[in-house]
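S.K.: Next up is a structure, given as structure tokens.
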Amino acid sequence: MENIVKPKLVFFQWKNTSLSQFIILHKQQHVKCLSEFFNVIVVNEDCNYQQICDNYQPELTLFESGTNYKGCQKLKISNTNAYPKIPKLGFHNGDSWCEARAGFLSDMENWGIETFFSIAITTAEHTPEIADNLFVWPNFIDVDTYRDYGQSKIIPVMFNGYIHNMYPWRQRIFETISKNYPSLICPHLGYSQKLSSRMMYGQRYARTINASYFVPTCGTVEKELVRKHLEIPASKSCLITEKTASVEASGFIDMQNCVFADVNDVLDKIDYLLNNLEQLEEITNAGYHLVHSRHTLKQRDQIFQWFNLYKELQPNQKIIQTSPFEPLIVVEKSSGIKNSHIISNGLITELIHQGDEKLRHHQYKEAETLYLKCVNYISWMPEPKLRLAICNLYKGDANIALYWITQPIKYTLEEYQASDPDPVEWAYFIISVLCHGELDDAIKIAHQFISLSHPILDRTRKIISVLENQDTLHDIAQSQSNYRYSVHQLPDQSFDDWVNHICIMLRSCKQLELEKKLKSFSGSELQLSDKMKVSHNYDVHTKYYFKRYQNDLTKSLRAKIKAIFAQKLHYLETKFGYFLPYKFSKIKYDEPFCTIRVIAENDRVKSALLLGASNGKVGTESLLAGIQKNPNRPTVFCMNILTTRFMQLQKRYDHNNHIRTCQITSNIKEISHKIKTIKQENNGFDLVLIDGSEFGFNIDLEELIDSKYIILENINTFCNYQLYQKLMLNKEYGLVFHTLAFRNGYALFEKGNNHDNYLLVEKNNINI
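Under the working numbering, read the sequence shown as residues 1035 to 1802, first letter to last.
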């Protein structure tokens, strides 16, 4: 092997500025892996491509892009059209869902690169427009670091890395195991150089795994194959993980070389294996053998395979990848065979599909809730933000639409510093400005990035041209090869249908003149669907069941019957979801509401504010139940607009001096004034609860900032989403309790509690 001359590869790798040491190690491993097959020249400075090729005469060039670490800087590379006979490959080094994908696609087009490799198995699932040109170069381990060190097994279970909402399986498993087994917890402190120095990485990290019986990990909400899936068995510990398509494709089999588990069986499996150590050792050894035989840097030759096949490729042939872990092959273009990518169907993907279905049926509020859940799981992901913009255009709120659509564009152009934005995002930015009534601004924006082309953007420019010059509307025919790839996949629509939907948005946003003008040039009349009828769950009035027996039965017998009915109804709630009034419902025993009740009972709470108060709503009832047990007899100010349930609450507490109701209008200035007045009269609030499903007004955080506790109920609504994001950034408050999956999301913040109970979201990467 020493006498074999390796082909020469120039690797344009992002410049390190302040990267943490363990990320630098990952980048070094990429070079080490490539060096197994190529003579690698690393370039990490701004450069002239032609001069680099003149100097090194490479046979292949690889361009790293799409990286979203703040501690590194992308390269400025000029003259990439030189040496067209040298094949160029793009390397997407980032999460399959990250916000840097639009920048990656911009870089690829500007550098003239049409074939891409990604470390993420699910990249094609999230950016399907590039699936035919995308190959996977999966994560791997370096056997010099991840191996058997012969450490004594002294740690029952080790947890390493993030344990927050992006890892829901890991969250649940952590809560279950750590309460029942001694566990070593190694927190993830982020990617900054300063804090990451406290973390274990490299050989020290591998030795600690080696000393552990079990190490759980998962592939995030999107069920990716992350480095930990390989590092754990490679260091001869038993991997506990979630069963996913990516993990199974890499060769893992339950109770043979790993443990697939969930919260229902993880303790049973750990118990069993710790009582059968020989079988545990067999599973651990099999996992070790799997990774060391199939997933080391020596087996990651996909780029080398591509290079060798490309050299012999005929004009009528193409290269495809049937699996991330199978050899690349050559097929005839006429065969119709394409790259076969793993579909993981992660939580975010499923939420987006559900939201799209709601949007298709004009259920805008329900769609918005589902998209907000996505953003609360992955705050930087562009797909739900685009859909939130579209959703709000249908709802008639162009201001909120602009709030959402500008976020991914701003990241791509200002932070990532791409030369142009995602074309679909740019199209809906133009449409949002148009729906805001700013035709002149929309015209100016439409004429920016004029070389940027995509079917949706071309259609958008056409309607702007019509509104500007009164041209005739017609569909735009253009070669697909001229289009820029987008990270967004929206439902297919004919041109007329699409124009009709733009007219609906204009009408909803009260831009009637623009809608009329656009319709007059459309080839078809606008067909408006009837509004979808909203179905309501019927309340179950348990008093009906008890009343039948009231006159005939003794207290004791009535109590027994009540218990029987409660048991049966609670069973139905377990099966079909909570539906009983708070007084009878099992929901009051769930953790978020227990937490609200316990805090309200706390003697440090002397006054409280409840925004969105509503009779029978579980948040309201939990807070009031706790307040009435508080020895201080605190005063609670319940505010809401006039609704049937709020009127019921007013009537219920009409003669209670400690629970005061205050009716408000939808005027935000009036609301702010009332809050300030009550706050001044009562020396502030110790506890504030905001129910986002009832209170939809964007109040100023400064009005609440002195409160000891702030509870946000329904954080997957726009009002509470904004407050949640602001509180996450506020150094005076710490997050104490947080859940996204339960009843539209809850969050509890405590002033002065700055310890990171959940080590919440900093930019993630699947390297972790």
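Ideal Cβ positions, reconstructed from N, Cα and C, are used throughout, including at glycine. In this text the structure is predicted, and so the values were computed from the model without any measurement.
Taking the alpha helix (DSSP H) that Gln1063 falls in, what are its first and last residues?
M.R.: Here residue 1063 is taken as the residue at index 29 of the sequence shown, counted from 1. Gln1063 -> alpha helix (DSSP H) spans 1055 to 1069.
S.K.: So is Glu1209 buried or exposed if we call it buried at 16+ other beta carbons inside 10 Å?
M.R.: Residue mapping note: residue 1209 aligns to position 175 of the sequence shown, counting from 1. Exposed: under 16 other Cβ atoms inside 10 Å.
S.K.: Return the first residue and the last residue of the beta strand (DSSP E) that Val1074 is part of.
M.R.: Within the sequence shown, the letter at position 40 stands for residue 1074. Start and end: 1073 to 1077.
S.K.: How would you label Val1177, buried or exposed, when you count the other beta carbons within 10 angstroms and need 16 or more for buried?
M.R.: Here residue 1177 corresponds to residue number 143 of the sequence shown, with the count starting at 1. Around the beta carbon of Val1177, a 10 Å sphere encloses fewer than 16 other beta carbons of the protein chains shown; the residue is thus reported as exposed.
S.K.: Under a Cβ-count criterion, where at least 16 other Cβ atoms within 10 Å of its own Cβ denotes burial, should Ile1412 be classed as buried or exposed?
M.R.: Start at 1 with the first residue of the sequence shown, and residue 1412 comes out as number 378. Buried, by the Cβ-count rule.
S.K.: Look up Cys1425 in the DSSP assignment and say whether it is helix, strand or coil.
M.R.: Counting from one through the sequence shown, the residue named residue 1425 turns up at place 391. Cys1425 falls in the helix class under three-state DSSP.
S.K.: Could you say if the region 1215 to 1222 and the region 1167 to 1184 meet the contact criterion of at least three C-beta pairs nearer than 8 Å?
M.R.: no
S.K.: Mapping DSSP to helix, strand and coil, what is Met1415?
M.R.: What you label residue 1415 is simply residue 381 of the sequence shown in a count that begins at 1. Three-state DSSP puts Met1415 in coil, outside helix and strand.
S.K.: Might you give, ordered along the chain, the residues of its own chain that have their beta carbon closer than 6 Å to the beta carbon of Ala1480, omitting 5 neighbours on each side?
M.R.: Residue 1480 sits at position 446 when you count from the first residue of the sequence shown. Only Ile1464, Arg1495, Ile1498 meet the Cβ criterion.
S.K.: Helix, strand or coil for Cys1672 per DSSP?
M.R.: Working through the sequence shown from its first residue, we reach residue 1672 at position 638. In the three-state reduction of the DSSP assignment, Cys1672 falls in the strand class, which pools E and B.
S.K.: Contact check, Gln983 vs Asn1778 under 8 Å by CB: the rounded distance?
M.R.: Residue 983 is absent from the structure shown; the chain starts at 1035 and stops at 1802.
S.K.: State the start and end residues of the unbroken alpha helix (DSSP H) segment that holds Ser1140.
M.R.: Here residue 1140 refers to the residue found at position 106 when the sequence shown is read from its first residue. For Ser1140, the enclosing alpha helix (DSSP H) starts and ends at 1135 to 1145.
S.K.: Taking the continuous alpha helix (DSSP H) assigned at Met1539, which residues delimit it?
M.R.: Residue mapping note: residue 1539 aligns to position 505 of the sequence shown, counting from 1. Per DSSP, Met1539 belongs to the alpha helix (DSSP H) from 1529 to 1542.
S.K.: If we count Cβ pairs, one from each stretch, closer than 8 Å, do we get three or more for the region 1071 to 1090 versus the region 1306 to 1326?
M.R.: no
S.K.: What's the gap between the Cα of Tyr1215 and the Cα of Thr1773?
M.R.: Stepping through the sequence shown from its first residue, residue 1215 is reached at position 181. Stepping through the sequence shown from its first residue, residue 1773 is reached at position 739. Each residue's CA atom was taken as its position, placing Tyr1215 and Thr1773 some 24 Å apart.
S.K.: Rounded to whole angstroms, what is the Cα-Cα separation between Tyr1322 and Tyr1183?
M.R.: One-based indexing of the sequence shown puts residue 1322 at position 288. One-based indexing of the sequence shown puts residue 1183 at position 149. Cα-Cα distance, rounded: 12 Å.
S.K.: Quick one: using the 10 Å Cβ neighbour count with 16 as the cut-off for buried, is Arg1541 buried or exposed?
M.R.: Start at 1 with the first residue of the sequence shown, and residue 1541 comes out as number 507. Burial call: buried.
S.K.: Who are the Cβ neighbours of Thr1242 in its own chain at under 7 Å, not counting the five residues just before and after it?
M.R.: Counting from 1 along the sequence shown, the entry for residue 1242 is found at position 208. Within the same chain, Thr1242 has close Cβ partners Met1192, Met1234.
S.K.: Mind checking which residues open and close the beta strand (DSSP E) that includes Lys1708?
M.R.: Walking along the sequence shown from the start, residue 1708 turns up at place 674. From DSSP, Lys1708 is part of no beta strand (DSSP E) but of the alpha helix (DSSP H) over 1702 to 1715.
S.K.: Specify, as a first and last residue, the run of the beta strand (DSSP E) that Val1249 falls within.
M.R.: The residue labelled residue 1249 in the question sits at position 215 within the sequence shown. 1246 to 1251 is the span of the beta strand (DSSP E), which, as asked, contains Val1249.
S.K.: Helix or strand or just coil, what does DSSP make of Gln1355?
M.R.: Numbered from its first residue, the sequence shown carries residue 1355 at position 321. Gln1355 falls in the strand class under three-state DSSP.
S.K.: Ends of the alpha helix (DSSP H) at Arg1686?
M.R.: Mapped onto the sequence shown, residue 1686 falls at position 652. Start and end: 1678 to 1686.
S.K.: To the nearest angstrom, how far is it from the Cα of Phe1783 to the Cα of Met1762?
M.R.: Working through the sequence shown from its first residue, we reach residue 1783 at position 749. Working through the sequence shown from its first residue, we reach residue 1762 at position 728. The alpha-carbon atoms of Phe1783 and Met1762 are separated by roughly 9 Å.
S.K.: Could you pull out every residue in the same chain whose Cβ sits closer than 6 Å to the Cβ of Lys1042, ignoring the five residues on either side in sequence?
M.R.: The residue given as residue 1042 occupies position 8 in the sequence shown. Within the same chain, Lys1042 has close Cβ partners Asn1073, Pro1092, Glu1093.
S.K.: Sort Met1539, Ile1705, Pro1190, Ile1484 by Cα distance to Ser1217 and report the nearest one.
M.R.: As a working note, residue 1217 is residue 183 in the sequence shown. With distances taken between Cα atoms, Ser1217 lies closest to Pro1190.
S.K.: Tell me, which residues are paired with Tyr1743 by DSSP?
M.R.: Counting from 1 along the sequence shown, the entry for residue 1743 is found at position 709. In DSSP, Tyr1743 forms a bridge with Leu1721, Glu1784.
S.K.: Measure the beta-carbon distance from Gln1055 to Val1076 and round it to whole angstroms, keeping in mind my assumption that it falls under 8 Å.
M.R.: Position 21 of the sequence shown, counting from 1, holds the residue named residue 1055. Position 42 of the sequence shown, counting from 1, holds the residue named residue 1076. That belief does not hold up - the Cβ atoms of Gln1055 and Val1076 are roughly 18 Å apart, past 8 Å.
S.K.: Taking its Cβ as the centre, do 16 or more other Cβ atoms sit within 10 Å of Gln1355, making it buried, or is it exposed?
M.R.: Working through the sequence shown from its first residue, we reach residue 1355 at position 321. Gln1355 is buried by the Cβ-count criterion.
S.K.: Between Val1722 and Leu1643, which are expected to be in contact by the criterion C-beta below 8 Å, what is the C-beta distance as a whole number of angstroms?
M.R.: Taking the first residue of the sequence shown as 1, we reach residue 1722 at position 688. Taking the first residue of the sequence shown as 1, we reach residue 1643 at position 609. Going by Cβ atoms, the distance from Val1722 to Leu1643 rounds to 5 Å, so yes, they are a contact pair.
S.K.: Could you tell me the boundaries of the alpha helix (DSSP H) in which Cys1087 lies?
M.R.: In the sequence shown, counting from the first residue as 1, residue 1087 sits at position 53. Unbroken alpha helix (DSSP H) run through Cys1087: 1083 to 1090.
S.K.: Kindly identify the DSSP beta-bridge partner or partners of Cys1696.
M.R.: Your numbering for residue 1696 matches position 662 in the sequence shown. Cys1696 is bridged to Met1673.
S.K.: So, are the CB atoms of Leu1406 and Thr1101 less than 8 Å apart?
M.R.: Along the sequence shown, one-based indexing puts residue 1406 at 372. Along the sequence shown, one-based indexing puts residue 1101 at 67. Contact flag unset, no.
S.K.: Kindly identify the DSSP beta-bridge partner or partners of Leu1552.
M.R.: Counting from one through the sequence shown, the residue named residue 1552 turns up at place 518. Leu1552 is not bridged to any residue.
S.K.: To the nearest angstrom, how far is the alpha carbon of Val1521 from that of Pro1267?
M.R.: The residue given as residue 1521 occupies position 487 in the sequence shown. The residue given as residue 1267 occupies position 233 in the sequence shown. Each residue's Cα considered, the two are about 34 Å apart.
S.K.: Output the distance between the C-alpha atoms of Glu1459 and Gly1650, rounded to the nearest integer angstrom.
M.R.: As a first step, residue 1459 is located in the sequence shown; it is residue number 425 there, counting from the start. As a first step, residue 1650 is located in the sequence shown; it is residue number 616 there, counting from the start. So the alpha carbons of these two residues sit roughly 42 Å apart.
S.K.: Which partner residues does His1263 have in the DSSP bridge list?
M.R.: Numbered from 1 along the sequence shown, position 229 holds the residue referred to as residue 1263. Residue pairing of His1263 in beta bridges, as defined by DSSP: absent, with no partner found.
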